[in-house]
Each structure stands twice: as structure tokens, then as C-alpha cells.
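Trainee:
Number of protein chains: 2
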Amino acid sequence: MHFTLKHLRYFVKAGEHSSVTRAAEELHVSQPSISTAILHLEEATGLQLFVRHHAQGLSLTPAGRQFILKSKQLLLDADNLGHYANTLCTKIAGSLRIVSFPTFTPILLPSLMKKFIETYPEVNIQCDESHQKDIIQSLMVGDYELALTYDLQLPTEIEFEPIIEFPPYVALAKDHPLAASTELSLTELAEYPMVLLDWPMSREYFFSLFLSQDVEANIAYRAQSLAMVRGLVANGFGYSLFNTPLVNNLALDGSEIVAIPLTGKLRPLRLGVAKIAHFRLTPIAEAFISTLKERAAELAQSVFTDQRFYKHLSQSEESTKDNP
Amino acid sequence: MHFTLKHLRYFVKAGEHSSVTRAAEELHVSQPSISTAILHLEEATGLQLFVRHHAQGLSLTPAGRQFILKSKQLLLDADNLGHYANTLCTKIAGSLRIVSFPTFTPILLPSLMKKFIETYPEVNIQCDESHQKDIIQSLMVGDYELALTYDLQLPTEIEFEPIIEFPPYVALAKDHPLAASTELSLTELAEYPMVLLDWPMSREYFFSLFLSQDVEANIAYRAQSLAMVRGLVANGFGYSLFNTPLVNNLALDGSEIVAIPLTGKLRPLRLGVAKIAHFRLTPIAEAFISTLKERAAELAQSVFTDQRFYKHLSQSEESTKDNP
DNA sequence: ACATTTAAATCAAAAAAAACTATGCAAGTA
DNA sequence: TACTTGCATAGTTTTTTTTGATTTAAATGT
Numbered sequence: 003m004h005f006t007l008k009h010l011r012y013f014v015k016a017g018e019h020s021s022v023t024r025a026a027e028e029l030h031v032s033q034p035s036i037s038t039a040i041l042h043l044e045e046a047t048g049l050q051l052f053v054r055h056h057a058q059g060l061s062l063t064p065a066g067r068q069f070i071l072k073s074k075q076l077l078l079d080a081d082n083l084g085h086y087a088n089t090l091c092t093k094i095a096g097s098l099r100i101v102s103f104p105t106f107t108p109i110l111l112p113s114l115m116k117k118f119i120e121t122y123p124e125v126n127i128q129c130d131e132s133h134q135k136d137i138i139q140s141l142m143v144g145d146y147e148l149a150l151t152y153d154l155q156l157p158t159e160i161e162f163e164p165i166i167e168f169p170p171y172v173a174l175a176k177d178h179p180l181a182a183s184t185e186l187s188l189t190e191l192a193e194y195p196m197v198l199l200d201w202p203m204s205r206e207y208f209f210s211l212f213l214s215q216d217v218e219a220n221i222a223y224r225a226q227s228l229a230m231v232r233g234l235v236a237n238g239f240g241y242s243l244f245n246t247p248l249v250n251n252l253a254l255d256g257s258e259i260v261a262i263p264l265t266g267k268l269r270p271l272r273l274g275v276a277k278i279a280h281f282r283l284t285p286i287a288e289a290f291i292s293t294l295k296e297r298a299a300e301l302a303q304s305v306f307t308d309q310r311f312y313k314h315l316s317q318s319e320e321s322t323k324d325n326p
Numbered sequence: 003m004h005f006t007l008k009h010l011r012y013f014v015k016a017g018e019h020s021s022v023t024r025a026a027e028e029l030h031v032s033q034p035s036i037s038t039a040i041l042h043l044e045e046a047t048g049l050q051l052f053v054r055h056h057a058q059g060l061s062l063t064p065a066g067r068q069f070i071l072k073s074k075q076l077l078l079d080a081d082n083l084g085h086y087a088n089t090l091c092t093k094i095a096g097s098l099r100i101v102s103f104p105t106f107t108p109i110l111l112p113s114l115m116k117k118f119i120e121t122y123p124e125v126n127i128q129c130d131e132s133h134q135k136d137i138i139q140s141l142m143v144g145d146y147e148l149a150l151t152y153d154l155q156l157p158t159e160i161e162f163e164p165i166i167e168f169p170p171y172v173a174l175a176k177d178h179p180l181a182a183s184t185e186l187s188l189t190e191l192a193e194y195p196m197v198l199l200d201w202p203m204s205r206e207y208f209f210s211l212f213l214s215q216d217v218e219a220n221i222a223y224r225a226q227s228l229a230m231v232r233g234l235v236a237n238g239f240g241y242s243l244f245n246t247p248l249v250n251n252l253a254l255d256g257s258e259i260v261a262i263p264l265t266g267k268l269r270p271l272r273l274g275v276a277k278i279a280h281f282r283l284t285p286i287a288e289a290f291i292s293t294l295k296e297r298a299a300e301l302a303q304s305v306f307t308d309q310r311f312y313k314h315l316s317q318s319e320e321s322t323k324d325n326p
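Protein chains in written order, with our numbering: chain A, 3 to 326; chain B, 3 to 326.
1. What in chain B is Cβ-close to residue 255 (chain A), meaning under 7 Å?
2. Quick check on residue 119 (chain A) - is its C-beta less than 7 Å from some C-beta in chain B?
3. Name, going along the chain, the residues of the region 256-284 of chain A whose beta-carbon falls closer than 7 Å to a beta-carbon of chain B.
4. What beta strand (DSSP E) runs, 3 residues minimum, are completely inside the region 108-149 of chain B?
5. So, with DSSP's three-state summary, where would you put residue 205 (chain B)?
6. Residue 274 (chain B) lies in the beta strand (DSSP E); which residues open and close that run?
7. Considering only DSSP beta bridges, list what residue 54 (chain A) is partnered with.
8. Below 8 Å CB to CB, which residues in the same chain sit around residue 61 (chain A) once its five sequence neighbours on both sides are set aside?
9. Could one say the Cβ of residue 7 (chain B) lies closer than 7 Å to chain A's Cβ atoms, at least one of them?
10. Check each candidate in B:87, B:78 and B:67 and name the one with the smallest Cα separation from residue 8 (chain B).
11. In terms of alpha-carbon separation, which member of B:90, B:177, B:164 and B:248 lies closest to residue 282 (chain B)?
12. Along the chain, where does the beta strand (DSSP E) containing residue 162 (chain B) start, and where does it finish?
13. Going by C-alpha distance, which of A:129, A:103 and A:105 is nearest residue 115 (chain A)?
14. With burial defined as no fewer than 16 other Cβ atoms inside 10 Å of the residue's Cβ, what is the status of residue 81 (chain B): buried or exposed?
15. Assign residue 12 (chain A) to one of three DSSP states: helix, strand, or coil.
16. For residue 13 (chain A) and residue 157 (chain A), I'd like the C-alpha separation in whole angstroms.
17. Short check: CB of residue 239 (chain B) to CB of residue 197 (chain B), under 7 Å?
18. Expressed to the nearest angstrom, what Euclidean distance is found between the alpha-carbon atoms of residue 2 (chain B) and residue 148 (chain B)?
19. Can you tell which of A:57, A:192 and A:22 has its C-alpha closest to the C-alpha of residue 41 (chain A)?
20. Rounded to a whole number of angstroms, what is the C-alpha to C-alpha distance between residue 64 (chain A) and residue 73 (chain A)?
21. Residue 35 (chain A) versus chain B: which residues are under 7 Å apart at the beta carbon?
22. Would the region 99-108 of chain A and the region 34-50 of chain A be scored as touching if the rule is three or more Cβ pairs under 8 Å?
23. From this set, A:269, A:294 and A:94, which residue's C-alpha is nearest residue 167 (chain A)'s C-alpha?
24. Mind checking residue 151 (chain B): buried by the 16 CB within 10 Å criterion, or exposed?
25. Measuring CB atoms only, is the region 159-174 of chain A touching the region 257-275 of chain A, in the sense that at least three cross pairs come out at less than 8 Å?
26. Distance check for residue 28 (chain A) and residue 173 (chain B), CA to CA, integer angstroms please.
27. Would you call residue 266 (chain A) buried or exposed, if buried means 16 or more other Cβ atoms sit within 10 Å of its Cβ?
28. Any beta carbon from chain A within less than 7 Å of residue 64 (chain B)'s own beta carbon?
29. Which one of B:304, B:58 and B:67 has the shortest CA to CA distance from residue 144 (chain A)?
30. Consult DSSP for residue 97 (chain B) and reduce its assignment to one of helix, strand or coil.
31. Span of the alpha helix (DSSP H) holding residue 290 (chain B)?
32. Helix, strand or coil for residue 34 (chain B) per DSSP?
33. Could you spell out where the alpha helix (DSSP H) holding residue 25 (chain A) opens and where it closes?
34. Give the C-beta separation of residue 154 (chain A) and residue 203 (chain A) to the nearest angstrom, bearing in mind that I take them to be a contact with Cβ-Cβ under 8 Å.
35. Closer than 9 Å, Cβ to any Cβ of chain B: which residues of the region 57-85 of chain A, in chain order?
36. Along the chain, where does the alpha helix (DSSP H) that runs through residue 224 (chain A) open and close?
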């Protein structure tokens, strides 16, 4: 025989008042409900919890006194669990786990997380990086509540809300023959050697761009990291196509890169938040999304704008780097 | 909306197995039971606990992962409460509260408690002293589980099990005119001054003895403590009637007392254990009663026997005190 | 590509638990 | 002695839980 929290609640109230009737009043139930609950509990525990006094209530036995203490504690714990659940789903406190696609993560997330933590200091953010397939997989399994990624290869079970649009652009070494162009087409580029970011989803995306222009890319080098692609481009191994803003035009070895806009109708990449469809987000996640939107708007006004069109980028580069 | 321990149990099992079906199997309930319990819990907490996967179970959300941890803890606490109750009503460990009548308490209890604690070192005994009225009162209110007292003035709600019988005897100063008698009757004593232990129940008992012999006592002094009665008797203020064995024949000031048996049909006092009728005793109390019975048997073979008949007492006194 | 399997949600019906009203009973109170 | 108090019990009704059957939708196998 098992006891329930309700049994304990009834018992504790009766014990506190030394009265079944008063417990019933206070709990807004009938007197027999309390009475039978106590009987049940005595049966379940094998303890005699009360001494009954005719016409004047009841009083706890020594065993009952010992048992009521622990019972109160358990009820408190149960209430706390309820409150905890409530906190999890209403208060902006606790922890948030997100995954993000690696290209823009180091550009976007550090400042975003900083801003978020300033507003909600009680939140602990864990942000991991994964490729699209793993992002989707771990979202589905519940390892993360949210993902920041591109709207590519998403299954129908994943809901996507776009935030920023990134058109592709060309990245060249400063001394590349085409480095002085104000804009370029994929057709013009095709004959030059290209450095490819050889990641599952990115690879297919770049190929699709060339396909849409009916040309074929001349892949000279493949690299497995963005830093390596930048390094190869800056050192003249070829051009490359990027979507995420360049922001900083130096490769890790200090050599310079130039960004040039592309002509032609090319599908841009849309960065946004992905989550499981019809998934009820915690308020932490909701808050994170709105902070992200604010931050995206800010960035669109500053660094990202310069990047999106070559003019802006070159202006900012000329003013920031070449002039002084 | 409230959740129950059962809901938590179902949820935790499902979470542990990432499967409603397997949880149902393990808990020997149907699959819909688990399913609805989880739904209910999600409703009650406002949390999305699981991500559902068609045809391959479900997985905990980050919030669900946080919630399941605390849920497991609460379930453990609940189980522990059950075990605790079980311990209280089966294991000889914990605490025992008893009351005892003051006349024999300092003679009987110290050695009895020592013996009991040696066998059951995990028990903590609290033994208080009270007069009969308070003993009964506090038993009824559940302040104590057991009482050690005499079978006098007990209401029907109190169940009494006799353990030892104490006939009354006379206590005299060593130099009292009657000190050499081998036995005495109340009629012989009546003319001498008597020292009365002036306690509620004791008083009535001693009077009833005289009443049964159709004589009246000559109360010269009244005292409110046994030690004082012994002192007065030893210093020649009068004789007194005792029931509890003398054991040690010295008053607190070192003067000596002599014990002499009484003739005539005199109601003895029966010492025993009292508890509320139909009250389910804890195993600690049960164990205590059997230890008490053993100890009573031992004492009846030694000190108490010498006391009950004057011959034995004087022998032991002569051999122990006068000879060396 | 289609059938089969897997596993959760849903539905309606049955069973169990809990609640209520009314009543009984024993002791205290007027 | 009649009246009140307060817990226990009985019988009913309501609510909750459980269940078997069915549905749904994705994964798996041929």
C-alpha cells in the first residue's frame, strides 16, 4: 500500500490542529475525507499516528510526532519542485543551451551572449558549434532548445525563423588580378582558381550558386576551416565565396583580404533561429530570441551593412585601415 | 493543477528509458497511463518535458532534463519517508518516551534503562516522573507511549499489565520500640505516630489499608518526598508504610531504617505497564516491556525478595552491614 | 516504392479512488 | 437528562485513473 502527497497533506493539517474537523475546514474538504486519509496513512505506514479523544479531537502519538516532521519536509520539497517548474517556465533564470553554425558563430555570438547576460545575469548560456546535420539531430533529441543556423536542408519538423540575410560575395587577396573590381560575376570568376570551404552544407550551397549561373567552379584548394580558407585566399591561392560579413579583413597570418560584391541573381543565405516545430520555448529562449533580433538590427546598421555591398566595405576599410 | 507522486514516477521512468512503452512495461501499467500522466505533468508544470519522435520514443528537453533531476530526488525522499515509517514500526531504533511513578523509579529505572540500552544501543530513552493523574493525562495526549505505575485510579481507557507485586511493610527507626518485632499489625501500629507520604494517590492507598483493618492512623508528620519520609522515620519521628523495597536501609543523613513485615490481609500494590487501550505499540516499546519483565524477574530473585519478607531483609542487612 | 513495424496519442468504456451527505457513537457539557 | 462535540462509518455520487482498441506518423525492410 502506497501513500500519496494528499494523504500526507491531510495528515499534517490534522496533526497541526489536533483536529480532523478543523483540518477539513481549512483544506475545504469534508471531514470524512481527512478521516479516511489518516486511516489510510496509518494502514500504509503501519504506525499509529494519533490517539483519538471522543468529542475533543485527537493528538499525535510519539511515533506520529516523529513522522509528521518528515512528512512536512517532504511536502515542502514537493511544493518547491512545483515552484521550480514554475520558475523554469516563467522566470528568465536558469540555463539555456543553444547550437550554432560555425561560420558566423564567432562573429555574432560572443557580443550577443555578452549583451544577453547583462540583461539577464541569472541565466547561464551554453553555446556549442555543430554542422547542420548534427544541429538538426541534437535539436530533435532535445540536447539544445534553440539553434542559430542557415535555412538550408531543414526538415519539416524544424521550424525556422529568419533573422538576417547574407548575400554571397567574393573574397580575394589584396594583390589578386581582380582585386580592384567594384563587382564581379561568377562567370568572370569561373576561370580563376577557387578555394572551397569544404563543409557538407556549405559545399552544396556554393555549387548551387555556380549551377544557377550555368558555370562550373574551378576548385583549386579545399579547406576544412574558415580560418584556413581566409589564410589561403589572403596568400593568393585563389578566390573564395563568403556569406558572413568579413568585418576584419586580416587572415590569421596578417595578410589582407578584399571583399567584392557579386552580380547576378544569387540565393542569399538566411540566418535565423531553428527549433522543433510546435515546441513550447522556455521564457529564457524567448528572451534570447528577442535579444538576438535587437542585436541583428544593430549589426545591420553597422558592420554588416558595410559588408553587404562592396562600396560600404571598401569605404570602411579605406577609412579604418588604409588612411591612418 | 497539482501533480502527484505517481505522475512523477511515470514521468521519471519514461525519461530514463526515453520510451513510454518501456516505462509502462516496467511499471506494469498500460502505455496510455504513462502517456496521459506525462501530458498531465506537462500541463501542471507548464513545461515541455519531452520531444516526441514518431516510431522511436521520446527524448527529454533541456527543461525536462532539469526537472527530472529534482523529480528523482523528491521520489527518493518519498521512498525514504516510507522506509522511515517502516523503521519506526519494525526496527528497534529511534526514541522511546515513558513516564514512571516516582516511588520506584530511581530504584528500578536506572538499571533497567542501562540493560535496555546495552541490548538496543540505537534507542534513545526519555523517562520522566509524574504522579498518577498526570501520568494518565499525558498518556492520553500521546506525550508518552508507555507508563510504569501502580494499578490504582486507572480509567477504563488505560490498559494495565501487572509486572511485580509489592505488599506494604513497616519502616521504623533502628531504635524504635517496635524495631525488634518480626512482624506487626496495623492495629498494633495505630497508636504510634506515623509519617505519611502525602501524595495524592499514595495517601488514599495508605488510608484504605487502615480502613480495611478498622483502625485509624495517627498521622504525626506529612512529607512531600520519599527522601524526607525516610529521613523523618530514621530520625524517630514515627513509623511509615512503604511498598517499594527498601534495598538501601540508610536515610540521606546516614541514620538507619528497619523494615518489618505486616500481618493481615492488606491489598498489595501492583507495579506494571500502562498504555492506552487498543494502542498499537512500536516495537521499541514492546522490546522495552520484555526487558522490563526480565529485569523484574531478576530483581524478584535478589533485592526485592529480601525486602518482601522481613526475615530476608534482616538477614541481608545483618550480613551486609552489621557483621563487618 | 510499397508494405511492415514501431511507438506515441487518442477515444470510449470500465474500474478505482476520492469526495460528499447522512448517520452513528461515545464522551463531555449544560 | 438532553445537548453538543467530533471522529468513524456507510452508502452514493463524482472524479480520476486505467485499460483495450484505434489512429497516426515516421522508420525500416523488401
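Just so you know, even glycine gets a beta-carbon here, dropped at the ideal spot from N, CA and C.
Predicted, not measured: the structure shown is a model, and the values here were computed from it.
Mentor: Short version:
1. Residues of chain B with a Cβ closer than 7 Å to the Cβ of residue 255 (chain A) do not exist, since the nearest Cβ in that chain sits about 40 Å away.
2. It does not; no Cβ of chain B falls within 7 Å.
3. Listed by position, the residues of the region 256-284 of chain A near chain B (Cβ gap below 7 Å) are 278, 281, 282 and 284.
4. Segments of the beta strand (DSSP E) lying fully in the region 108-149 of chain B: 125-131.
5. Assignment of residue 205 (chain B) by DSSP, reduced to helix, strand and coil, places it in the helix class.
6. Its beta strand (DSSP E) spans residues 271-278.
7. Answer is A:60, bridged to residue 54 (chain A).
8. So the list reads 20, 52, 53 and 55, once near-sequence residues are dropped.
9. So, interface residue.
10. B:78 is the residue among B:87, B:78 and B:67 whose C-alpha sits nearest the C-alpha of residue 8 (chain B).
11. Of B:90, B:177, B:164 and B:248, the smallest CA-CA separation from residue 282 (chain B) is found for B:90.
12. It spans 160-168 - the beta strand (DSSP E) in which residue 162 (chain B) sits, taken as one unbroken run.
13. Ranking the options by Cα distance to residue 115 (chain A), first place goes to A:129.
14. Within 10 angstroms of the beta-carbon of residue 81 (chain B) lie fewer than 16 other beta-carbons, which makes it exposed.
15. Residue 12 (chain A) carries a helical assignment under DSSP once its states are collapsed to helix, strand and coil.
16. Cα-Cα distance, rounded: 53 Å.
17. Yes.
18. No information on residue 2 (chain B) is available, as it lies outside the stretch 3 to 326 that chain B covers here.
19. Minimum Cα distance to residue 41 (chain A) is reached at A:22.
20. Looking at the two C-alpha atoms, the distance is approximately 14 Å.
21. What residue 35 (chain A) touches in chain B: nothing, since even the nearest Cβ is about 15 Å away.
22. Taking 8 Å as the limit for Cβ pairs, the verdict is that the region 34-50 of chain A does not touch the region 99-108 of chain A.
23. Checked all of A:269, A:294 and A:94; the closest Cα to residue 167 (chain A) is A:269.
24. Burial call: buried.
25. Flag = yes, the region 159-174 of chain A and the region 257-275 of chain A touch.
26. Taking the straight line joining both Cα atoms gives about 60 Å.
27. Residue 266 (chain A) should be labelled exposed.
28. So, interface residue.
29. Of the listed residues, the one whose Cα sits closest to residue 144 (chain A) is B:67.
30. Assigned with DSSP and collapsed to three states, residue 97 (chain B) falls in strand.
31. If you look at residue 290 (chain B), you'll find it in the alpha helix (DSSP H) that goes 285-303.
32. Helix, per DSSP.
33. Secondary structure note for residue 25 (chain A): its alpha helix (DSSP H) is the uninterrupted segment 22-29.
34. Contact holds; Cβ gap of about 5 Å.
35. Within the region 57-85 of chain A, the residues whose Cβ lies closer than 9 Å to some Cβ of chain B are 60, 61, 62, 63, 64, 65, 66, 67, 68, 69, 72, 73, 75, 76, 79, 80, 82, 83 and 84, listed in chain order.
36. From DSSP, residue 224 (chain A) is part of no alpha helix (DSSP H) but of the beta strand (DSSP E) over 220-225.
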